[in-house]
Structures are given as C-alpha cells and as structure tokens.
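What follows is a single structure, written as structure tokens, with notes after it.
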Amino acid sequence: MHSDTTGSWTPVALSADLPAGTVIPARISAGSIALWRSESGRLSASADRCPHRGMSLSHGFVRGEALSCIYHGWSYAQGGNCIRIPAHPGLTPPETIRARTFAVEEAGGVIWVAADETETKPPVLEGLTPLRSMTTDAGISAIETAAGTKASAEGLIEPAGGTLCLLVSARNDGQTLIHVLLKGETSPADRIAASREAESLRRAAEDLQKKGIAS
Amino acid sequence: MKLYDYILSPSCYKVRLMAALSGVSLDIRPVDFHPGLEHRGPELLALNPAGSIPILQDGDLILTESSAILVYLAAKAGPEWLASDKPEEAARVQQWLSFSGRLTASLGGARLHEMLLRPGDIDALQRQGVAALRELELGLVEQAERGMRFLAADRPTVADIACFPYVALAPDGGVSLDAYPAIRLWSRRLRSLDRFIEMPGVHRLHELKAEPTVEESKV
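Protein chains in written order, with this note's numbering: chain A, 14 to 228; chain B, 203 to 421.
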C-alpha cells in the first residue's frame, strides 16, 4: 500500500499472530522480510535472507533475544548484526556481517513495517479491534466493488451497516493482504459471524477479479 | 502391532506420530513404495486389495484407513485423544477426520505430482489444496473464539493428528503456508507436544532443542 497517508508503512501482520519467541514471513514493497519477536517481546524486521548462504531467515527460530538461521545457526541481534557463528565458537563476528533491517511499529494490535527510512509514523486506527488476517487473489478495486465502498487513505474499507472493517494492502505478487478489524465491543459469536462475512466478501471479490469486472 | 510403513508418506507418519504420542510401540515393516511399488505387489494386495498404505495389522485385525488406525491406537493407549461424550466435540472430531481425506486428495495429490511425478492436474490440485487450507484456517479462527486451541477441543485429538501431516508438507506440493496465521500457530502447538516425533520435512520446534555448547561442538 503506497497511499499518501501511510507513506512507506505496510501493515504486515496482527500482533496476536506473532507471539514472543517466534518468527514469521511477511512482505513489504522492498521484498520478503522475516518478522520476529524476541522472548522479552522486542519486535524486529529484517530482509528474509541470511547473509551467509541466502536461506530464508523466516524459516529460522528465535532463542532469547536473537534470530537464528535454520541452515548453519548464524544468529542475529535486533539490529541485524551477526552475533554468533556456531561453527566458530571462539569468533566474534565482524560488524560487516549483517542482515538489512527495517523500522517496525506496533499499534492497536497491528504491526507495521517501513520499506525505507522515514520520519513518519504509521496511521492510528481508532476504535478498531483486530480479528484475523487473510490474503486474497483479488486486487483492492475488486474488494472495493464487492464491499460497495472505496478504501480510505489509510487503506480501510468499511462496508455499510456492519461492525466489519478491512485494512487492505496490495502486494507486488498481485495478492492483497487483508486485516479484518471490528468496530466497538463484540462477543465471540459476533466475531465468528464477522469472520464468515469477511470470507464471503473475499469470495465475491475473487469472483469479480476472475471475471475481470473490477480490473 | 505391525505397521506397513513408508517413511515419506504423510499418512504413514500420522500413524507413527499417534503411536508415539500415545506411547504405543509399533513393529515397523518398511514398504518400497517408490520406486518399487511394493504396495501394489501380491503380498500387500493380499492384505489390502486397495493397494494403499499404511496398513496396520494387530492379530486378525487389519486396518487400511489411516483415520481408523488413529482411532484404534487412541482407544487402546490414549483415550484422551478421542472425543469426550460431548455431542458437539464428538461431531467435530468426525468432521475433521472426514475432512482430512480432502487434504490427502488435494495437498497430497499435489505433493505426489511434484515429488514422485505422479500424473495429475497440478493447478486443480493446488487450487483444491488452497480451498482446504482456507477451511482449516477458518475452523481454527472460530475455535480460538470459543477458547479452544485445537480442531475439536482445547486439547489435541485424533482429528488434529489426521489433518496435521498433509498441511505441514503442503509446500512440497508447491502450496505456500505463509497466508495462514492460525494454521501456523496450531502447527507450532502440535510440534511442541511432549512426545512429538519428526518425519523428513516436518520438524520439532527447533528452539525447544538444547542450544549446542562450545564443549559439544569440539567433540
């Protein structure tokens, strides 16, 4: 998503889907990233490529405050610098061995990553509670048509007359990442219904996309 | 109890995993599934005319459907892996046991096409696999709203074991798991169970293994 308001910030995941001590793959306009949270809860985003042999760091694992590559165990600190090479236990890795990192912000249960250097902050989404994330083969215009309304500058699509609110971001592989958010207080039954409503919207958007109506 | 087994078969892995989790020891009889096609040979066809594995033989009982084998192992050694007497829970277990057949047909079919060059419409298999993964993701999202961490209950059951292997190995068939956060968390829960065992392509959570020390590295 590259609207004026969000700048280089992309909403990549929901906080609840990244517990402490885990790493997940995500995408921003700059490419694939490994998004991870240390055991003490600190968030980091690095290019999804180990500087050693190019393995995806999102296939790796988090131990303590470091992200380790699954291939040869090279470990990286939050700043992207290599702090441990298991095959050379006595070696302090040189400063030049580092994975590229990106700025991360977490607000209201949504994790945002910036594709480049920025002074801005991601948009604040007031009064919305995250429910789940999903991807779709449909583009944003197909989702807008299915929902009967346009996306706001922040990337929010609010179908009329419901609690549902979709935070959408287009990816460069043609898919769209949707974070399903809910307005106001909701019960588990409301949330299950909203989740199914979001699935229906996705089906409708993908139908439109397939028929080429929204392109 | 004898299991006619193939190390790379997700269906055989279900049986080995359930046996490990419930503490049953199996007498493993390896089958030359590929390239030997031993499961289509006279000895195994005599046991299972359908020509599929796994086959579990226990006395005069011969089981050839993996879901039935899971239920048998659980009933014998780990009844907590079966549904309780709550109707809803019992039904959910059956729902996902049946559903697991669709994972085998779609994701399993795509995997056989990509790994063992079995003929098939790969686009259709992958599309059906994605549809099945979306259903599973939705099911897990709804279970989370009910305060339950697994498919049929707040504890793992045979339903989880029936669905897990083909899902975990979906990337072998060219189907990505990146887009399913609820499936990712569920897979982590299963892969961190106490007596969890691995198969090629499915590993225990690495961070649960002890960190190698410098002394050990020198040996």
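Every residue, glycine too, gets a C-beta built ideally from N, C-alpha and C.
On a predicted model such as this, the values are computed, not experimentally measured, just so you know.
Give the residues of chain B in contact with residue i, contact being defined as C-beta atoms less than 7 angstroms apart.
i        : result
A:Ile124 : The premise fails here: A:Ile124 is roughly 11 angstroms from chain B at the closest Cβ pair, so nothing lies under 7 angstroms.
A:Ser146 : Pro383
A:Ser182 : Ordered by position in chain B, no residue passes the 7 angstroms Cβ test against A:Ser182, which lies about 13 angstroms from the chain.
A:Ile83  : His408
Mind checking which residues open and close the alpha helix (DSSP H) that includes residue i?
i        : result
B:Lys278 : 268-279
B:Val343 : 324-347
B:Phe301 : 289-305
A:Ser213 : 201-224
B:Asp362 : 360-370
A:Thr158 : 153-160
B:Cys214 : 212-224
A:Glu198 : Neither: A:Glu198 is in no alpha helix (DSSP H) and is coded neither H nor E.
B:Ile385 : 383-393
A:Gly44  : Unbroken run through A:Gly44 is the beta strand (DSSP E), 44-50; no alpha helix (DSSP H).
B:Leu228 : No alpha helix (DSSP H) contains B:Leu228, which DSSP labels as neither H nor E.
B:Ala312 : 311-318
Check the Cβ of residue i against every Cβ in chain A and list those closer than 9 angstroms, keeping chain order.
i        : result
B:Val295 : Here the premise fails: no neighbours, minimum Cβ distance about 20 angstroms.
Just the chain B side, please: which residues come within less than 8 angstroms of residue i by C-beta, in chain order?
i        : result
A:Val75  : Glu409
A:Glu212 : Arg336, Leu340
Can you pull the chain A neighbours of residue i, defined as C-beta to C-beta under 8 angstroms?
i        : result
B:Leu395 : Those within 8 angstroms of B:Leu395 in chain A number zero; the least Cβ separation is about 17 angstroms.
B:Arg231 : Going along chain A, no residue has its Cβ under 8 angstroms from B:Arg231, so there is no contact; the nearest lies around 33 angstroms.
B:Leu387 : Asp30, Pro32
B:Glu344 : Ile205, Ser208
Please classify residue i as buried or exposed, where buried requires at least 16 neighbouring CB atoms within 10 angstroms.
i        : result
B:Gly311 : buried
A:Thr133 : exposed
A:His15  : Because A:His15 carries a pLDDT of 45, less than 50, the predicted location of this residue cannot be relied on, and no value is offered for it.
B:Glu339 : buried
B:Lys152 : In the structure as shown, chain B starts at 203 and stops at 421, and residue 152 of chain B therefore has no counterpart that could be examined.
A:Glu198 : exposed
A:His192 : buried
B:Ile399 : exposed
A:Leu70  : buried
A:Thr35  : buried
B:Glu413 : exposed
A:Ser228 : Only weak support exists for where A:Ser228 lies, its pLDDT of 48 falling under 50; the value from the coordinates is given anyway. Counting Cβ neighbours within 10 Å, A:Ser228 comes out exposed, since fewer than 16 surround it.
A:Thr105 : exposed
A:Arg55  : exposed
A:Ala60  : buried
A:Gly93  : buried
B:Val421 : Interpretation of B:Val421 is limited by its pLDDT of 46, a score under 50 that renders its predicted location unreliable; the figure taken from the coordinates is listed afterwards. Exposed, by the Cβ-count rule.
A:Pro38  : buried
B:Leu410 : exposed
Please report the residue range of the beta strand (DSSP E) in which residue i lies.
i        : result
B:Tyr206 : 204-207
A:Trp87  : Note, A:Trp87: premise wrong, no beta strand (DSSP E); not H, not E.
A:Met147 : 141-149
B:His405 : Taken as a continuous stretch (DSSP letters only), B:His405 belongs to no beta strand (DSSP E), as it is neither H nor E.
B:Glu245 : Unbroken run through B:Glu245 is the alpha helix (DSSP H), 244-249; no beta strand (DSSP E).
A:Arg40  : 35-41
A:Glu118 : 117-120
B:Leu263 : 263-265
B:Phe352 : Careful: B:Phe352 lies outside any beta strand (DSSP E) and carries neither H nor E.
Measuring alpha carbon to alpha carbon, tell me which residue in the options is nearest residue i.
i        : options                                : result
B:Trp388 : B:Thr306, B:Val404, B:Arg351, B:Asp287 : B:Arg351
A:Ser53  : A:Ile37, A:Glu78, A:Asp30              : A:Glu78
B:Thr359 : B:Asp262, B:Cys214, B:Trp298, B:Leu249 : B:Trp298
B:Pro373 : B:Asp396, B:His315, B:Glu267           : B:His315
B:Thr266 : B:Arg391, B:Gln345, B:Ala333, B:Tyr206 : B:Tyr206
B:Val377 : B:Asp260, B:Pro281, B:Arg329           : B:Arg329
B:Leu379 : B:Ala293, B:Gly225, B:Gly349, B:Leu309 : B:Leu309
A:Leu7   : A:Ala183, A:Arg50, A:Asp30, A:Thr23    : Outside the displayed range of chain A (14 to 228) lies residue 7 of chain A, so it cannot be described from this structure.
A:Ser169 : A:Arg55, A:Pro136, A:Gly73             : Reading the sequence as shown, one finds Leu at residue 169 of chain A and not Ser. Nearest C-alpha to A:Leu169: A:Pro136.
B:Met317 : B:Leu228, B:Pro402, B:Arg231, B:Leu407 : B:Pro402
A:Tyr89  : A:Gly103, A:Ile205, A:Gly73, A:Ala100  : A:Gly73
A:Lys223 : A:Ser21, A:Ala39, A:Ser154, A:His65    : A:Ser154
A:Arg113 : A:Gly103, A:Cys95, A:Trp125            : A:Cys95
B:Gln345 : A:Glu167, A:Glu130, A:Ala202, A:Val126 : A:Ala202
A:Trp125 : A:Ser208, A:Leu48, A:Ala100, A:Gly161  : A:Leu48
Can you list, in chain order, the residues of its chain whose CB lies under 6 angstroms from that of residue i, leaving out five sequence neighbours each side?
i        : result
A:Glu210 : Leu177
B:Met220 : Leu272, Leu275, Ile363
A:Asp17  : Its pLDDT being 43, under 50, A:Asp17 is placed unreliably in this model, and the value from its coordinates should be taken loosely. Excluding positions up to five away in sequence, the list is empty.
A:Thr148 : Gln188, Leu190
B:Gln259 : Lys204
B:Ser269 : Leu299, Ala364
List, in order along the chain, the chain A residues whose C-beta lies closer than 7 angstroms to that of residue i?
i        : result
B:Glu347 : Pro201, Arg204, Ile205
B:Leu219 : Within chain A, no residue comes near B:Leu219; the closest Cβ sits about 21 angstroms away, beyond 7 angstroms.
B:Asp380 : Pro38
Within its chain, find whatever has a CB closer than 7 angstroms to the CB of residue i; leave out the 5 residues flanking it on each side and keep chain order.
i        : result
B:His241 : Val233, Phe235, Gly253, Ser254, Ile255
A:Asn185 : Ser42
A:Ala82  : It should be pointed out that residue 82 of chain A corresponds to Cys in this sequence rather than to Ala. Once the five neighbours on either side are set aside, the close Cβ partners of A:Cys82 are Cys63, His65, Met68, Leu70, Gly73.
Only counting the same chain, and skipping five residues up and downstream in sequence, which positions put a Cβ closer than 8 angstroms to that of residue i?
i        : result
B:Gly225 : Ala279, Gly280, Arg397
B:Ala277 : Leu284
A:Ala151 : Ala159, Thr189, Arg215, Ala218, Glu219, Leu221, Gln222, Ala227
Which bits of chain B does residue i rub up against, with CB to CB less than 9 angstroms?
i       : result
A:Ile41 : Going along chain B, no residue has its Cβ under 9 angstroms from A:Ile41, so there is no contact; the nearest lies around 14 angstroms.
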